[in-house]
Every structure is written in structure tokens, then in C-alpha cells.
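Data first, discussion second: the structure below is written as C-alpha cells.
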Amino acid sequence: MSHTRRSAVLTLEGAGAALSAALAHATEHGLRMNIAVVDTGGALLTFARMDGAFVHSGPIAIDKACTSVGFGGAPTAGLYEALAAEDAVIRGIGNRPGVAAFGGGVPITVDGELVGAIGASGGSAEEDEQVAAAGAAAVGTGPLSDNV
């Protein structure tokens, strides 16, 4: 029995590529966003606040990315619905500092393994989700595997 496992790590270069792709998508669609990329431990690797983006959306973008990795790579868009079935659960988790249970946090996976997440904030939940997904797609290779 092994007490360790090898895992892929999102590099600063990879985080930068995700950030660049998300910024390009936001610019192309006329959006002003805050975008954050974190590793699997929730450590911030890259962050950008576009000109004119809401200052208070910055921490929300970070929270969205951290929420995604903190819940095993769950996209934040579906998190509210998943938790809402039980009132006590959604109130308890939804009220925890740093948890963002609405669209805009997307996992970054490589070969089925979670390596980080990207969060976007400043538009509608749907716009945030699309910007984050564009960033994740620039680095990631597909969905999370079932055995993670």
C-alpha cells in the first residue's frame, strides 16, 4: 500500500495561459472582468482586473476559483442547485466566508486530474461562466475523471 501519489501541478505559465484566454474572451465580448487562477490548494497563481471592472468583484473571482477546487472540481454554476435540496446545507455552506455558489468558477483538468480552477466575476453568472470556461479550455484537456 502506497501512502503517496503523484499528481500534476498547474504551473505559473499554465495559469498565465488560462488568464490570457479568459481576458481575450472577455475583451471580445465587451466585458469588464476580474479573473483569478488558483492551484488545487486554492493558492492564487494569477489575477487580473480589467480596466473598468468592479473592484469588489475581485475577491469574488478568487472565491469562485477556490470554491471550485475546494469542492473537488465542481463548477460553481451547478453548486447552488446541488446544495439547495437541503435548506440547512445551502444556508450553512452558502454563508461560509470564501464560498461562492453561483456561476463563474470552473475547474482546470488535465488528463482527468484536477490541477486548479479559474474564477471570473463582473458580468452575469452566465457571462462569468463563459469567460472562466474559455480560460480553462486553454489549458485543460477535458472533464474530471471519476476516480479522482
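Residue numbers (our numbering): 187 to 334.
Backbone N, C-alpha and C fix where the C-beta goes; we use that ideal spot for every residue, glycine too.
Item: State the Cα-Cα distance for the pair Arg191 and Asp297, rounded to the nearest angstrom.; Value: 15 angstroms
Item: How big is the Cα-Cα spacing for Arg218 and His189?; Value: 45 angstroms
Item: In the DSSP assignment, what are the bridge partners of Arg235?; Value: Asn220
Item: Determine the contact status of Ala222 and Ile248, defining contact as a CB-CB distance below 8 angstroms.; Value: yes
Item: Quick one: what does DSSP say Ser206 is sitting in, helix, strand or coil?; Value: helix
Item: What number of angstroms, rounded off, separates the C-alpha of His215 from the C-alpha of Met187?; Value: 51 angstroms
Item: Give the range of the alpha helix (DSSP H) segment to which Pro245 is assigned.; Value: Ser243 to Gly256
Item: From the DSSP output, read off the bridge partner residues of Pro293.; Value: Ala303
Item: Inspect the beta-carbon positions of Ser307 and Gly290 and report whether they are closer than 8 angstroms.; Value: yes
Item: Taking the Cβ atom as the reference point for each residue, do Thr253 and Ala287 lie within a distance shorter than 8 angstroms?; Value: yes
Item: When DSSP labels each residue in this structure, what does Leu196 get in the three-state scheme?; Value: coil
Item: Grab me the residues of Ala318's own chain with a C-beta within less than 7 angstroms of its C-beta, minus the 5 sequence neighbours each way, in chain order.; Value: Ala208, Gly290, Gly291, Val292, Ile304, Gly305 and Ala306
Item: Let me make sure I understand the geometry here. Which of Ala311, Ala239 and Arg235 has the alpha-carbon closest to that of Leu265?; Value: Ala311
Item: Check this for me: beta carbons of Gly256 and Asn220, under 8 angstroms apart or not?; Value: no
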